[in-house]
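When we follow the numbering used here, the leftmost residue of the sequence shown carries the number 161, and every step to the right adds one.
Just below is one structure, and these are the notes that go with it.
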Amino acid sequence: MDQTVLDFFVTRRTGAITHILIGLSVIFRPALVLIWASIISAKLWGMRYALLPLFTAVATNIISPITKHIVHRPRPPLNLQLAPEYNYSMPSGHAMTIIAVATAISLIPHKPRWATRLAGVTWAIAIMVCVARLYLGVHWLTDVLAGGLIGAATTLALRWGYSQRAQP
């Protein structure tokens, strides 16, 4: 399945889409997602609610390289990568961090209509970033899926831990 998905994207590449998706991958790389999540959440919801997106981004930026080192999965062939990456592939750090933050933003109590829309926009960006990693040939499908699952699980675990701490 991994090879089939890679082949699907490789045969459908175009110049304009490639430039857009490279830009998306740069703008939403894990370290920058941490910064974006912190600033936007603090500005919109205040520090109380900014902590979950911030902590999930920090946690995934720690978990991803450790997991890559443990799994040691090679990336797709270098000649198929449009934005060459040289570290290990599994899990996708981009997918892990952006899905973690999208999950965190979805868990923030949304009172105004714009906050719900922001969660939707965040999920749309998350999906585009995940697709970009496949399109650019820098990850296998299972890398992206694993990254997304670990990211969501990290957020849910942090949220659960916080709720347990808040109880008497």
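Just so you know, even glycine gets a beta-carbon here, dropped at the ideal spot from N, CA and C.
Sequence-distant residues of the same chain with beta carbon closer than 7 Å to residue i, five excluded per side
i, result
"Ala210", "Ser198, Ser201, Ala202"
"Leu184", "Met288, Val289, Ala292"
"Thr164", "none"
Where the alpha helix (DSSP H) containing residue i begins and where it ends
i, result
"Arg293", "273-295"
"Pro190", "190-205"
"Leu267", "253-267"
"Ser185", "175-187"
"Val156", "Since the displayed the chain opens at 161 and closes at 328, residue 156 lies outside it and no answer follows."
Outcome for residue i when other beta-carbon atoms lying within 10 angstroms are tallied against a minimum of 16
i, result
"Ala284", "exposed"
"Arg277", "exposed"
"Arg235", "buried"
"Gly280", "exposed"
"Val261", "buried"
"Asp337", "Missing from the structure shown is residue 337; the chain here goes from 161 to 328 and no further."
"Tyr295", "buried"
"Ala217", "buried"
"His229", "exposed"
"Ser252", "buried"
"Ser249", "buried"
Proximity test, Cβ basis, 8 Å: residue i and chain B
i, result
"Val298", "No chain B is part of this structure, which consists of one protein chain only."
Other residues of its chain near residue i: CB distance less than 8 Å, five sequence neighbours each side excluded
i, result
"Pro244", "Leu238, Val298"
"Arg319", "Leu212, Ala264, Leu267"
"Arg173", "Leu242, Tyr295"
"Leu240", "Leu166, Val170, Gly297"
Sequence-distant residues of the same chain with beta carbon closer than 6 Å to residue i, five excluded per side
i, result
"Met256", "Thr220, Ser224, Gly307, Ile310, Gly311"
"Thr315", "Thr216, Ala260, Thr263, Ala264"
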